[in-house]
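For reference, the structure is listed below as structure tokens.
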Amino acid sequence: MAILVLGINHKTATVALREKVSFDDDKRQLALQQLQSELAESAVIVSTCNRTEIYLHNRHISPQEDNEQNQQWLQQIKSWFAQLHQITEEELQRSIYIQQNQQCVTHLMRVACGLDSLILGEPQILGQVKQAFQFSENFYQQQHSAISTELSRLFQKTFSTAKRVRTETEIGGSAVSVAYAACSLARQIFDSFKRLRILLVGAGETIELVSRHLFQHGAKHIMIANRTIANAEALAARVGGQMDILSLDQLQQGLNLADIVITSTGSPNILITQEMIKAAQKQRRFDPMLIVDIAVPRDVEDKVSELESVYHYSVDDLQNIIQHNMQQREQASIEAENIIQEECADFFVWLKLHQSSSLIKNYRQQAEQIRLELLEKALTSLQQGTDSEKVMQELSYKLMNRLLHTPTQVMQQLVKAGETKSLQLFSKSLGLSDNEQQEE
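Going by full-length UniProt numbering, the first residue of the sequence shown is number 1, and it counts up by one from there.
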């Protein structure tokens, strides 16, 4: 049995190549159909902007990576992947990574815990892995089938591992992006966003991320001031929250209402001066005001920091916070790696038990087949008038011989090979004591 991941990510491939090998839902469904019929019993495809990974399980492939059958299977997977995405195998070979069995399990757990992400510890990847697993589950159900027990167990174990890492470490406990750091800072100063008026200046990617974080944490009253009204309206539509749109000519009006100001524009000039904040504070009766300037060059005049009841932070202040938080995450990642090693080992204990239970099941089925065969012969003899005691004696004798034939052969082979320890272990499994072995 083999479990394998074939992948491309931000560390190994350019954006252009990552775009080529990404999966939308239609392509993902086609891939699962092709894999099921040709290469794997089950598969899960994870596809994000930073990575594409295909997890495969095939119980008919040798787990030994240097095995010829395993190597042929691997080549077939690479050829299929290249053909599906219409790229050359040479182009693919330069950028892919392939891991099997224990390395594959460890890799999946690291990915789901955010340890392999562009931003260490980011939580979004876990949701993306869960969505990928759910997609495969739905696909196989539509095929009146199911994800293999082994692959399903691996992903469920991965999800519980990620939950444990989030609970027992600080891997996701502190902000490491400018947008999230700005929101975290605001949450430290104000208990709740629900009654606060928040002014966002700009309509770029950073402000969009800020707005999403604010809504997620309960913000109800958000204004956006931007030079181009259409861009601000488009941002509001993408985020999906209710926002008041202002032009930069209305910036003072927004400042007069705002408890929190977060600004990130591409303006080469100062947009918010000390005089503007003084005027706003008079209108606001000098209630506390937080201003976070994450623009480069700055949008807010430095002298704003001199005003009472105004908390003014620049992008440099946030970078210091982020650097400190990243150090905390790196320390937490060491703890997370230890948890992953524990959970990986636990998964392989389960896998061995699962495989042995299948072996036991097959052995018992074999014994049952022998029993039924001999019983049928015995019943036939009784119907033909053969003495019942003779039939029972013959049945018990033949049953004993048939059931003991294979174990007896194994013991003889171990004796001939001089495998003393193996013989002792096998004898114990048959319930024979050391004394009984010596007498024999």
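Ideal Cβ placement from N, Cα and C applies to all residues, glycine included. Computed from a prediction, not measured in an experiment: that's the story for all the values here.
For residue i, I'd like the list of residues in its chain whose CB is within less than 8 angstroms of its CB, leaving aside the five on either flank, ordered along the chain.
| i | result |
| --- | --- |
| L375 | L395 |
| H217 | C183, R187, F193 |
| I87 | L17, K20, V21 |
| M411 | L423, F426, S427 |
| H354 | T149, E150, R153 |
| L39 | L56, N58, W73, Q76, I77, W80 |
| A295 | G202, T263, S264, T265, G266, S267, V315 |
| G431 | none |
| F286 | E308, S309 |
| V239 | E208, S211, R212, F215 |
| A367 | L403 |
If you drop the 5 nearest sequence neighbours on each side, which residues of the same chain put their C-beta closer than 6 angstroms to that of residue i?
| i | result |
| --- | --- |
| E53 | V5, G7, V46 |
| K398 | L374 |
| H312 | I291, V304, S305 |
| R402 | I370 |
| K220 | K194 |
| S381 | V391 |
| K27 | none |
| M243 | I222, I224, A236 |
| K421 | none |
| F215 | G241 |
| T48 | Q128 |
Just confirm the distance between the C-beta atoms of residue i and residue j, as a whole number of angstroms; I'd bet it's less than 8 angstroms.
| i | j | result |
| --- | --- | --- |
| S174 | N325 | 4 angstroms |
| E301 | Q274 | 5 angstroms |
| I277 | L255 | 7 angstroms |
| L257 | T263 | So it is not a contact: roughly 15 angstroms between Cβ atoms. |
| Q250 | A225 | 7 angstroms |
| L151 | S37 | So it is not a contact: roughly 17 angstroms between Cβ atoms. |
| A31 | L84 | 6 angstroms |
| Q34 | F139 | At roughly 12 angstroms, the Cβ-Cβ gap does not stay under 8 angstroms, so Q34 and F139 are not in contact. |
| Q141 | C344 | Q141 to C344, Cβ: 28 angstroms. No contact. |
Is the CB-CB distance between residue i and residue j below 9 angstroms?
| i | j | result |
| --- | --- | --- |
| L235 | A203 | yes |
| M223 | L200 | yes |
| F190 | L290 | yes |
| V210 | A179 | yes |
| L126 | F155 | no |
| S267 | D316 | no |
| L185 | V292 | yes |
| Q79 | Q69 | According to the sequence shown, residue 79 is Ser rather than Gln. No. |
| R166 | F347 | no |
| P288 | V310 | yes |
| I207 | D259 | no |
| R212 | T265 | no |
| L120 | V176 | yes |
| I171 | E335 | yes |
| V129 | V105 | no |
| Y55 | I98 | no |
| V44 | A132 | yes |
| A232 | I322 | no |
Let's see if you can read the secondary structure: which residues bound the beta strand (DSSP E) around residue i?
| i | result |
| --- | --- |
| residue 519 | Shown here, the chain extends from 1 to 440; a query on residue 519 therefore has no answer. |
| M289 | 289 to 293 |
| R164 | Here R164 belongs to no beta strand (DSSP E); instead the alpha helix (DSSP H) covers 149 to 168. |
| H312 | 310 to 314 |
| A2 | 2 to 9 |
| L235 | That residue, L235, is in no beta strand (DSSP E); its alpha helix (DSSP H) goes 229 to 239. |
| I198 | 197 to 201 |
| V15 | It is not in any beta strand (DSSP E) - V15 instead sits in the alpha helix (DSSP H) that spans 15 to 20. |
| V44 | 42 to 47 |
Could you tell me the boundaries of the alpha helix (DSSP H) in which residue i lies?
| i | result |
| --- | --- |
| A225 | Counting along the chain, A225 falls outside any alpha helix (DSSP H), though it belongs to the beta strand (DSSP E) covering 221 to 226. |
| D191 | Note, D191: premise wrong, no alpha helix (DSSP H); not H, not E. |
| S264 | Run containing S264: none; DSSP gives neither H nor E here. |
| N401 | 388 to 417 |
| L248 | That residue, L248, is in no alpha helix (DSSP H); it is neither H nor E in DSSP. |
| A146 | Taken as a continuous stretch (DSSP letters only), A146 belongs to no alpha helix (DSSP H), as it is neither H nor E. |
| R212 | 205 to 216 |
| Q33 | 25 to 38 |
| Q424 | 420 to 429 |
| K278 | 274 to 283 |
If you drop the 5 nearest sequence neighbours on each side, which residues of the same chain put their C-beta closer than 7 angstroms to that of residue i?
| i | result |
| --- | --- |
| Q64 | N70 |
| I339 | T161, R164, V165, E168 |
| W350 | R153 |
| K11 | none |
| E89 | K78, S79, A82 |
Task: Secondary structure, beta strand (DSSP E): runs of 3+ residues fully inside the region 56 to 127 - done: 97 to 100
Task: 3 or more residues per run - each beta strand (DSSP E) lying fully within the region 327 to 379 - done: none
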